[in-house]
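All residue numbers for the sequence shown refer to numbering that gives the first Met the number 0, where the first residue is 0 and numbers rise by one. Ideal Cβ placement from N, Cα and C applies to all residues, glycine included. Structure, as structure tokens:
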Amino acid sequence: MIDILNFTACMLTIGFGLFGFVAPRFTADALDLVPSRSSMGLSEMRASVGGAFVIAGIAAIWINMPLAYVMIGFTFLGAVIGRVISCIFDNPPFRKLLIFSGIEAALAAWFLFANL
């Protein structure tokens, strides 16, 4: 059962990453990021929001060891901590913050608690 849920969580990670990788403008808009005169922001979306998560999910499935899944969990935990800090200092839209951090927290919890 854990193997199936690890695979499912990795596919979600890959799927979310594909949005940033394949559709950086859509992803930037969903995250309320505004493009500037440079296309560097789109490059950043493809890299950090997209490609990094796509490859992390693929690698964890390929390696298929608990520590690989744990590392993705820590990555999502870092995102959740970043959103909490942002909530304190930046006053982001609360509904979006709750949705995104809820997804990230659920994935972090699964990857960490199921595989540690």
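Can you look up residue i in the DSSP assignment and give me helix, strand or coil?
i	result
PRO65	helix
MET0	coil
PRO34	coil
ALA104	helix
LEU41	helix
ALA28	Sequence check: residue 28 is Asp here, not Ala. ASP28 falls in the helix class under three-state DSSP.
LEU111	helix
ASN127	Outside the shown range of the chain, which is 0 to 115, sits residue 127, and nothing can be said about it.
PRO91	coil
ALA22	coil
Assuming residue i and residue j make a contact with CB atoms under 8 Å, what is their CB distance in whole Å?
i	j	result
ILE13	PHE52	7 Å
LEU177	PHE75	Because residue 177 is not part of the residues shown, which for the chain are 0 to 115, the question remains open.
THR26	MET44	5 Å
GLY40	LEU30	Their Cβ separation, rounded to whole angstroms, is 11 Å, which puts GLY40 and LEU30 out of contact at 8 Å.
Is the region 100 to 110 in contact with the region 57 to 75, if contact means three or more CB pairs nearer than 8 Å?
yes
Can you confirm whether the region 14 to 31 touches the region 40 to 51 when touching is taken to mean that 3 or more C-beta pairs between the two stretches lie within less than 8 Å?
yes
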